[in-house]
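Worksheet: one structure, shown below.
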Amino acid sequence: MSVESLRWDIIEALNDSPKGKLKYESAWLDVLCGCPQGPSLSPLSGAIITRLSPQEPPGGGASGLSSQSSSPSCGGHRKAPSETWGPEEVGQQRLLQVGQQRLLQVGQQRLHQVGQQRLLQLVPVEEAEVPVSSPSPPPSMSLLSPRATQTDGCIRLCEEKHRAKAKKELSLRQERQEQMVLAVANQESEQLKRFEEFLELTQRKDCQGIRDLMDRQTQESIGRQEKLKEEHRHRMKILNLRLREAEQQRVLERQRQDEGSDRRRNLNSIQEEILQLNRLLEPGPGPPHDTAVYITRGNQLCSQVSEVVRTTAEGAFPSVEDMAVADRALQMMRDYRTLLKDSASKTISSLQELNAAKDPQTKKLRMELQKAATTPVSQISRISGSQLRGILDKIDALLSGRTALSGGRSVSTSQHAKGPAFVSNKLAEKFVKQGEEEVASHHEAAFPIAAVASGVWERHPQVGELILAHLHKKCPYAVPHYPPMAEGTSLDEYQRILGYRVDDCGVEGQDSFLKRMSGMIRLYAAIIQLRWPYGAKPGPGPHGLNNGWRWLAQMLNMEPLADITATLLFDFLEVCGHALMKQYQGQFWKLIMVIQEEYLPRIQQVTTAGQMGSVMRLKQFLEASLRRHQLDPPKGSLTPDFWRS
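In this note's numbering, each residue's number is its place in the sequence shown (first place is 1) plus 1468.
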């Protein structure tokens, strides 16, 4: 195998080998080609030798030098190479000789220039002034040897080959990268589609859940209506049965009258008994109607509702049986309210003798008693605890029948038979009026007024009953109860029942109405949580926190009203929420969660855009309470330091 055939293999092996990765420069070949050439002298070297050696004859050295300079390039005694080489090798050899001759000419030219400069340094000045003509150098021309040209071409071809290979690999890599990017983009697009489908499925499930909940609520409402209708039909059936029985009794009574004298004696005895009962029903010197038994029953019902709430399973809603017990308790409490109203009406009716008296002395006594009852209540303030104790002592003395001062004169309830009932009624009416006016304008005034009212209630229970009666009459939402409009009731009369003030100018505005209702609810909430600190009996107040829990439970069992429900809930929780939290703890927070998650959306559904102020206040209060899991004491509450003042 020839060397030429192994050239490409050697170049590729050197290119792949870490030791053969050397940078090739074509200019190196010119330097290497000039190394084997023999030294030669410039044509001006003869003048230099003549100057240095004057004893030699001129011209001999130059001729010898010229003959020597031309001798290395010629070899006549040697055999011509064309006799043994082929045509291609002869051409390459000629190119090599031409390149060597060109290199020799360049070297001689450079040596001539150096010698001429040296000669000018040695020649005297006068000789140097003679211009010496120097031959112009021929144009330079750089030629490479055939072997170097071939090697350079091979290297360039190898570089082109590797460059093409690199471009191909780069294009393949770019194509693979584009395919990879396209695949990733397709995968991301599919994932986005699956995520959007999942979101749509979740939304559909939520919508379906809401529709199912609304359907269940509708079915429950229809069921309750059907139940009420069935109960009404049952009551009508029982009433008709009783009417028929009464009719039969009347028929039998007529038959008994016809039977003879024995039946007549029995009839006389019955008549005598009826007259005795009639005399017993006549009003006596005491209160016309004692409602203490209803107060006790009301407290029992409140305890029963509270026990139902406490026994509710953790994390579960009340069962149907629990709701039935609560509904029965609610109905009983409404009956209790009716009885309280009847008690207040009977008390007022029994006072007609004192109110309608024409005697100047009786009228003067009435005015003094009224002034003695209402003046201390008007003087209640947050100045000091000793002032509140003095006010309560005055009221207690007046209600106990002792002598009290009124306008510099002594007055006592014992001066008239209806004096105690009259003072109790006026005192209860004044307490409710203070809540309607003073507390509505200054919310902090609810606590000192409620403290004195609680002390009076504890010492004289009949006054507390009358306070509730007047409060329920002016603010039916303190029951709580939304009175329905009965048939035949005028609009003005129905608005009076709802608590609105109606006069010749018309019905009062909604803002004024809400302000008065808010004041009375705040007073009621303060009475629930406060107890007179100097009471003789330990324990809760006369109208304790169980009534506050009952009020909240009944509010959540009723349909909300626009602007009213949100206002009253916010006022009640702001005043009484801290005390309820300390008393009921975890159950209280469950009730707050029910208000926020279930009852507040129902309030928002019935509230218009112009009535959202009260709803936003309630919403912010609930969110802040649940976020902190804490309710601060109400602003204006009475501290132990106040009672020591």
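Ideal placement from N, C-alpha and C gives every residue a C-beta, glycine not left out.
With the rule of 3 Cβ pairs closer than 8 Å, the region 1869-1887 does not count as touching the region 1932-1948. The Cβ atoms of G1869 and S2113 do not sit closer than 8 Å to each other.
Just so you know, the alpha carbons of E1688 and C1973 end up roughly 44 Å apart.
Fully contained in the region 1951-1977 are the following alpha helix (DSSP H) runs of length 4 or more, in chain order: 1959-1966. By the Cβ criterion, the region 1987-1994 is in contact with the region 1900-1908, since at least three pairs of Cβ atoms, one from each stretch, lie closer than 8 Å. Inclusion of I1935 and A1919 in the CB contact set at 8 Å is not warranted, their separation being larger than that value.
Per the coordinates, the alpha-carbon of P2101 lies some 18 Å from the alpha-carbon of W2000. Only exposed fits I1678, as fewer than 16 other CB atoms lie within 10 angstroms of its CB. Using a Cβ distance threshold of 8 Å, S1849 and P1916 count as a contacting pair.
S1874 has R1877 as its beta-bridge partners, per DSSP. By the Cβ-count criterion, W1925 is buried, with 16 or more other Cβ atoms from all chains shown falling within 10 Å of its own Cβ. Boundaries cannot be given for K2103, as no alpha helix (DSSP H) includes it and DSSP labels it neither H nor E. Put simply, the region 2060-2070 does not touch the region 1974-1985. Fewer than three CB pairs are less than 8 Å apart.
Under a 10 Å Cβ-count criterion, M2049 is classified as buried, with 16 or more other Cβ atoms of the shown protein chains found around its own Cβ. Counting only residues of its own chain and dropping the five nearest sequence neighbours on each side, T2075 has a CB closer than 6 Å to the CB of A2030 and V2083. The beta-carbon distance between F2040 and W2019, rounded to whole angstroms, is 7 Å. This is short enough to meet the 8 Å contact definition. The straight-line gap separating the alpha-carbon atoms of A1481 and Q1647 is approximately 35 Å.
Counting only the Cα atoms, P2108 lies some 22 Å from V1845. In this structure, the straight-line span from the alpha carbon of N2025 to that of L2068 is close to 13 Å. In this structure, the beta-carbon distance from P1944 to L1966 falls below 8 Å. Separation of the CB atoms of L2099 and H2046 is rounded to 5 Å, and the pair is thereby assigned contact status at 8 Å. Taking 8 Å as the cut-off, the Cβ atoms of Q1930 and S1892 count as close. Taking a 10 Å sphere around the C-beta of P2010, we find 16 or more other C-beta atoms and assign the residue as buried. Secondary structure in the region 1836-1873: the alpha helix (DSSP H) runs of 4 residues or longer, each lying completely within the stretch, are 1853-1867 in chain order.
A direct Cα-to-Cα measurement between Q2064 and R1672 gives close to 24 Å. DSSP places K1886 outside both helix and strand once states are collapsed to three, so it counts as coil. Closest in C-alpha terms to Q1829, from the list G1858, V1652, D1960 and H1884, comes H1884. When the alpha-carbon of K1839 is set against those of L1895, D1861 and L2013, the nearest one is in L1895. The Cβ atoms of L1866 and A1889 do not sit closer than 8 Å to each other. Nearest neighbour of D1979 by Cα position, chosen from L1660, I1479, Q2079 and L1625, turns out to be Q2079.
Residues of the same chain with a CB within less than 7 Å of the CB of Q2072, apart from the 5 flanking positions on each side, are V2083 in chain order. Ranked by Cα distance from M2023, the options G2007, Q1963, M1953 and A1946 are led by A1946. Take the alpha-carbon of A1908 and the one of I2032: they are about 15 Å apart. Apart from sequence neighbours up to five positions away, the residues of its chain that approach H1911 with a beta-carbon distance below 7 Å are R1990 and G2104, ordered along the chain. Excluding its 5 nearest sequence neighbours in each direction, F1666 has no C-beta neighbour in its own chain below 6 Å.
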